[in-house]
Amino acid sequence: MAIYDVKTAAELTTALGRTVGGDTIRLASGNYGLVNLANRVYASTVTITSASATAPAHFDGLTVSGSKNLAFSALDLGRGLGATEPEYTKLNTVQMSENVSFSNVSIHGSLDGDVTNDGIGLYVTDSKNVAVTGATFTENFRGLLVQRADGFTIGESRFDKIRSDGANFAASDRVTVRANTFTDFNRYGTDHADAIQFWNTGQTKGATDILIQNNVFIQTAAGKGAQGIFMYDLTDYKFTNVVIENNLMYGNDDWNGIVVNNGQNVRIANNTVLSSLLDPKQFWISVEKSDSVIVEKNVTDNFQISADVTNLSFADNISLAATPLFRSQFTNLETPSAPSDLMVSDWGFQGLSAILPAPAPAPAPTGPTLIQGTAGSDTLQGTTFSDKMIGVAATEMDLGKGTADKMWGKSGTDIFVLGDQRGTFYNDGANRSAGKSDYAQIMDFGTGDKIQLHGSLDQYLFVNGQVNKQAGVQIFLDTNGNHLFDSRDELIGHVVGVQSLGPDSFTFG
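With the numbering used here, the residue at position 338 of the sequence shown is 339, and numbering never jumps.
This is the structure we're talking about:
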């Protein structure tokens with residue numbers, strides 16, 4: 002395990018060419034410019050750190066791509082934008098990499114107080130097992146943006162003087178956001194600012210296994226701040242297995258303290274979400290279009306639980322709109338300066354070091370979970386249990402005519418429904434053509450899964466072929482009943498990645 006002491010960017014490049022797993026590169030104070038680490042794959046961790054924690058080495062920007070097992074610590078990372086650079090410029094990037102960590106780093110923009118010349122502090126995309134701990138994000142357009150990551154942790158870090166979002170996540174799995182502080186946001190123009198935001202728009206999948214715990218957001222100034230935890234899905238991909246627990250969100254002149262839209266298996270517990278009594282907007286906890294939701298022991302200005310939330314457990318919560326006298330329990334609700342000003346025993350946020358009792362494990366479903374589509378084209382995502390996936394709306398009479406659905410069953414034994422007592426789905430009724438524009442594409446058919454058809458097996462034909470450039474077995478309705486595949490047979494389904502389907506692959510309804 003060698004240690005390389007370097008003083009210049011050229012020496013850093015030389016050292017990187019010599020290091021092996023377990024080595025450390027120590028950087029003298031100074032500006033190393035733009036640092037690019039491409040295809041640096043090590044058997045164990047290589048550490049790049051400053052020789053002095055009080056005089057850290059500075060990078061104008063860092064890009065890590067195609068690399069594995071790198072640790073960065075005690076570094077100063079960032080710069081202001083040039084006159085022609087847009088606000089979405091990424092100052093530091095980790096892409097297509099694995100096992101990368103940042104600890105005790107400063108990630109910043111211009112540091113000149115001008116919110117219009119700051120970019121995205123750290124961008125992580127298409128990477129696995131990335132961790133950021135003990136970092137400071139300041140004067141960034143967005144502090145942190147994570148996209149399509151598998152295994153990401155941001156912990157014990159501070160976000161301040163952020164223009165838009167603090168920590169922003171898209172289509173990422175196994176995400177932990179724990180024990181971070183968010184404050185002094187400086188929203189500009191039409192920015193939609195959130196302390197913590199999750200979204201799936203424009204992605205090809207949803208997000209699963211998300212833990213948001215022990216975070217503090219306090220912003221007393223109105224009109225410049227941010228919303229709290231904003232988890233919103235305008236697609237049908239969902240946020241699955243979500244825990245939002247023991248967080249403190251205080252903000253004025255905004256509505257959304259905690260929002261979950263399109264969640265599956267969600268727990269919102271022991272959170273405090275408040276604003277000043279003088280604030281005309283209620284900082285609330287809102288849940289929309291979600292299933293299997295637990296909301297308990299929270300304190301908030303108000304709750305907004307929409308009628309499309311199913312399998313809801315709502316217990317032991319306090320709404321100040323319903324019980325305004327409870328406001329007297331707080332030390333300083335109007336101008337809080339510390340988390341202790343907003344804490345009460347037994348309910349809501351219990352401090353950064355709180356250890357809350359573990360929730361009882363959710364019982365496994367006794368039957369398949371119904372995943373129901375709409376009258377339009379849908380992307381359906383299953384759960385970790387058994388699911389019954391229907392891309393056609395329950396009351397729809399056209400039975401999928403003119404729509405193309407995609408279905409992922411995930412784990413568990415699943416039933417993919419291409420027909421029921423109403424008839425065969427995805428049949429356009431034009432018996433002189435193959436009707437290849439309406440169908441269901443089953444993306445992950447596995448052992449034990451079933452395809453439900455209307456009628457009997459001899460009404461269908463099975464042909465190897467591609468749909469959307471993916472190979473598999475096409476399922477055709479034998480519209481003319483001649484038991485031979487021809488141009489008049491109606492495509493109703495496509496099973497990706499299989500070469501054949503046996504009789505035991507089907508059930509009938």
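Virtual Cβ for every residue (Gly too), placed ideally from N, Cα, C.
Relative to Q500, the option among A10, S277, S158, V474 whose CA is nearest is V474.
In this chain, the alpha helix (DSSP H) harbouring R19 covers 10–19. The alpha-carbon separation between N432 and E491 amounts to approximately 7 Å. Secondary structure within the segment 162–221: the beta strand (DSSP E) runs of 3 or more consecutive residues, fully enclosed, are 168–171, 174–179, 182–184, 195–200, 208–214, 217–220 (chain order). Counting the other Cβ atoms within 10 Å of the Cβ of N248 gives 16 or more, which makes it buried. In the three-state scheme derived from DSSP, where H, G and I count as helix and E and B as strand, T375 is classed as coil.
Judged by DSSP in its simplified three-state form, R149 adopts coil rather than helix or strand. By the CB criterion at 9 Å, R149 and G122 fall outside the cutoff.
Under the 10 Å beta carbon count, L485 is surrounded by fewer than 16 other beta carbons and is classified as exposed. If you look at K69, you'll find it in the beta strand (DSSP E) that goes 69–74. N242 carries a strand assignment under DSSP once its states are collapsed to helix, strand and coil. Beta-carbon to beta-carbon, V345 and G374 are separated by about 44 Å, too far to satisfy the 8 Å threshold. Closest by C-alpha distance to H193, out of G207, Q228, T236, N32, is Q228. V345 sits in coil when the DSSP states are folded into three classes, being neither helix nor strand. DSSP, read as helix, strand or coil, puts R328 in helix.
For H455, no beta strand (DSSP E) run applies, since DSSP gives it neither H nor E. Within the DSSP secondary-structure output, S412 pairs in no beta bridge.
Comparing C-alpha distances from A376 to each of N318, D388, P369, K402 shows the shortest one belongs to K402.
For S338, no beta strand (DSSP E) run applies, since DSSP gives it neither H nor E.
Secondary structure at V497: strand, using DSSP grouped into helix, strand and coil. In this structure, DSSP gives V116 a helical state, which the three-state scheme calls helix. DSSP places E99 in the uninterrupted beta strand (DSSP E) bounded by 99–104. The residue among F183, L343, T205, K69 with its C-alpha nearest the C-alpha of A172 is T205. The segment 97–109 makes no contact with the segment 176–184, as fewer than three CB pairs between them are under 8 Å. For W285, the enclosing beta strand (DSSP E) stretches over residues 285–289. Under the criterion of beta carbons closer than 8 Å, G258 and V274 qualify as touching, at roughly 3 Å. In the three-state reduction of the DSSP assignment, D505 falls in the helix class. Setting aside the 5 residues that flank it on each side, T384 is surrounded in the same chain by T370, each with a C-beta closer than 6 Å to its C-beta; the list follows chain order.
With a 10 Å radius around the Cβ and a threshold of 16 neighbouring Cβ atoms, K470 comes out exposed. Straight-line measurement puts the Cα of N169 at about 28 Å from the Cα of V47. V474: member of the beta strand (DSSP E) spanning 471–478, first to last residue. Of the other Cβ atoms in all chains shown, 16 or more fall within 10 Å of the Cβ of A208; this residue is therefore buried.
Straight across, the Cα-Cα distance linking N253 with G167 is about 17 Å. With fewer than 16 other beta carbons inside 10 angstroms of its own, E86 counts as exposed.
Counting other Cβ atoms within 10 Å of its Cβ, S307 stays below 16 and is therefore classed as exposed. Linking Y5 to D24 through their CA atoms gives a straight-line distance of about 8 Å.
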